[in-house]
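A quick write-up on the structure given underneath.
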Amino acid sequence: MGKRKLFIQTTLEAANFFSHEMSFNIPSRPSTSLVFFPDNPTTNRSFDFSPWYGVGIDEITGEWQRQIERFLAGMDNQVSTTTVVNYCCIAGRNFLDFMALSSQSSQKEITLLDIDRNTINGFLHFLYQRNISTLSQRAIYSACRSVLKAIGLRGKIKITLRGKPDLLTFPINPFPGSNRRARGESPLPQHQRLAFSIALREATKPLMSLQIAPGPDLLSYVLLSIALHTGRNTTPLLELSCNCLIPHPRQGLMFLQLNKRRGHFEDKVVIRENTISDEETWPAINFSMAQLIQKVIELTAPLREKATSHLKTLLWLYRVPAGPTTGQLTTLTSSVILHHTNKLIKEARLVDDNGNQLRLNISRLRKTFINRIYEVLDGDLISTAAAAGNSPQVTEKNYLRSTEQSRLNWKKMGIVLTSELLNTNPDNLEQTPTGHCRNRKSGEYAPTTPGAQCFSFLNCLRCRHYVVTTDDLYRVFSFYWRVLYEHNRVSRRCWKRFYAFIPRLIERNVVTPGLQNHIFRQADIDLARESARHSPHPFWAYSTPITWLEKQ
């Protein structure tokens, strides 16, 4: 006989069920208020949220800190470290200040459930009262919206992203017209560009004779030289690796490889391997870009052996010369470059057209490079966009500016056209019943038949070839009174279609401009008006039928 199976009996009361929607008690305040950032082009390596704890917004501050930690861990959106730094230092600082102020004014604890459209509107008004530019307000609001949206998508905040505009959590366009103000710096004029090139050449000379690792000043000047010659953005230049030089198929040339994180591709720029002596070119220094980069790679090689893993591949390595971190290995940042750029400008005494200290950054060098290429290529937009690494639409909209020569050409054209319009040759005018015409055969309302004369006198006031002199005022007002005479003789529809605009155009386009520009005298206008009323020109006499003009 086989072994009998034994089954364990249980009851429904003994079973335990767990819901996936079960809420867990997550503390509103994390164990630490510090968030540490990985190495990035900025100077920020941590952010402390402790000033916003204990001021009535602990739940909001804690959730903001957790969302920042999720961004750094790559759990929600794939954002760069620099963007996360802005979420803390720019967006978080302003938004949490506003929420703390709201909690203080309402004298109660504010939670995540209190964040709605009214909160966003109040935050926008808070930014407006801080007396900062509209572009800065837009940048702060955009960063705050990104963080709040990520928190809302996790179900921590009730947000509405679709529907009627008034019911949305975030306004559709809180800063209308701000794009027209975001023009940035203008390209350097030729004389300022030349002066900066000379100053940069003198500042970079000591590098080639140097035997030890360069400091941040020389590295900044080399980076500025590369930016001046290649026109690349700040972040790709800061993230140049020690393997950025790649051989080119053509002898004497090399590729400079840059990483464009936003576009997720490698950008290769052709540079010269050796020095050239052609005075037609635009060299900022006596050495080629490849020679400078190779020299930097050679001098920073000993530092690279002692650097940490995330710094080993970077090009711009140096030891901190002063401060609490003296001797520590680091790399160039945008703030360090800006500091040494201003230092170079101050030492070289570079000024703008108004005599003020020259304002310069890598973005302005990029615009200078693109506009210079556009000028050299004689207005070839496609080739200019290829050299800039952008699409033609982006290059034309965001980078190109009118050159000095083009502004002079357009100004000259405007003067010539104005002179032609004001100084019309009387010999070329033909007399008409309403005044004079400059082109009766090929005018705006002239017939299409070759050689046919224009008889569309009812449209003279709308024609660009119509001319009125002081002697023509009698004809004009005869025409004026004859049209008014027809008001009671034609139907309302006919009057509105053929005649109503004529008296209005005479007063607006002939009489008023003539008086304002001192072409006519008031006495001449009054005399011509009364003479035409009592004794009109024979062509516009009241006994003459006017119906045939409607068909012209």
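To get our numbering, take the position in the sequence shown, counting from 1, and add 30.
Note that CB positions come from ideal geometry on N, CA and C, so glycine has one too.
Quick caveat: nothing in here was measured; it's all calculated off a predicted structure.
So what does DSSP say about residue i, is it helix, strand or coil?
i      : result
CYS118 : helix
ARG349 : strand
GLU426 : helix
HIS589 : Given a span of 31 to 582 for the chain in the structure shown, any question on residue 589 remains unanswerable.
CYS490 : helix
VAL85  : coil
TYR496 : strand
ARG262 : coil
ARG302 : strand
VAL506 : helix
VAL540 : helix
VAL109 : coil
ALA233 : helix
TYR529 : helix
LEU102 : helix
LYS188 : coil
CYS524 : helix
GLY245 : coil
LYS397 : helix
ALA571 : coil
LEU240 : coil
ARG470 : coil
THR91  : helix
Sort out for me which residues DSSP pairs residue i with in a bridge.
i      : result
ASP297 : LEU288
GLU405 : Answer is none; GLU405 lacks a bridge partner.
ILE375 : BP columns for ILE375 are empty, so no partner.
LEU344 : SER271
PRO277 : MET284
VAL381 : GLN387
Which stretch, first to last residue, makes up the alpha helix (DSSP H) that contains residue i?
i      : result
CYS174 : 164 to 183
TYR158 : 147 to 159
GLY214 : Premise fails: GLY214 is in no alpha helix (DSSP H) and is neither H nor E.
GLU328 : 319 to 329
GLN358 : Run containing GLN358: none; DSSP gives neither H nor E here.
THR478 : Element bounds for THR478: n/a, residue is neither H nor E.
PHE204 : Reading the sequence as shown, one finds Pro at residue 204 and not Phe. Element bounds for PRO204: n/a, residue is neither H nor E.
GLU560 : 552 to 564
MET129 : 123 to 136
ASN414 : In the sequence on display, residue 414 carries Thr and not Asn. Note, THR414: alpha helix (DSSP H), 411 to 418.
Measure the C-alpha to C-alpha separation of residue i and residue j and round it to an integer number of angstroms.
i      : j      : result
THR190 : LEU198 : 5 angstroms
PRO277 : ILE367 : 28 angstroms
ARG505 : ARG492 : 16 angstroms
ALA229 : ALA378 : 6 angstroms
ASN74  : SER436 : 44 angstroms
LEU345 : GLU269 : 8 angstroms
ASN70  : THR111 : 6 angstroms
VAL541 : PHE550 : 8 angstroms
LEU407 : SER413 : 8 angstroms
ASP308 : GLN159 : Low confidence applies to ASP308: its pLDDT is 45, below 50, so where it sits in the model is not reliable enough to give any reading.
LYS188 : ILE162 : 30 angstroms
LEU545 : LEU503 : 13 angstroms
ASN386 : ILE375 : 11 angstroms
ASN273 : ASN428 : 31 angstroms
ALA225 : ASN263 : 22 angstroms
SER364 : LEU258 : 16 angstroms
HIS567 : ASP410 : 59 angstroms
ILE150 : PHE200 : 7 angstroms
LYS373 : ILE445 : 44 angstroms
ASN420 : SER271 : 22 angstroms
THR356 : TYR348 : 11 angstroms
GLY193 : LYS179 : 16 angstroms
GLU474 : CYS484 : 9 angstroms
PRO246 : CYS174 : 34 angstroms
Could you give the C-beta distance for residue i and residue j, rounded to a whole number, given that I count them as a contact under 8 angstroms?
i      : j      : result
VAL109 : PHE67  : About 12 angstroms; that fails the 8 angstroms criterion.
TYR171 : LEU183 : TYR171 to LEU183, Cβ: 18 angstroms. No contact.
PHE101 : TYR117 : 7 angstroms
SER132 : ILE140 : 6 angstroms
SER208 : THR164 : 5 angstroms
ARG431 : PRO244 : That pair is no contact at about 35 angstroms.
ASP382 : GLN222 : 7 angstroms
VAL65  : SER76  : 6 angstroms
Just reading off the beta strand (DSSP E) that residue i is part of, what are its end residues?
i      : result
ASP78  : 76 to 78
LEU64  : 64 to 66
HIS466 : 465 to 467
GLN461 : 460 to 462
Would you say the beta carbon of residue i is closer than 6 angstroms to some non-hydrogen atom of the ligand FAD?
i      : result
SER393 : Among the ligands in the structure shown, none appear at all, so the ligand FAD cannot be discussed.
Give a yes or no on whether 7 angstroms exceeds the smallest Cβ distance from residue i to chain D.
i      : result
SER271 : Of the protein chains in the structure, only one exists, and it is not chain D.
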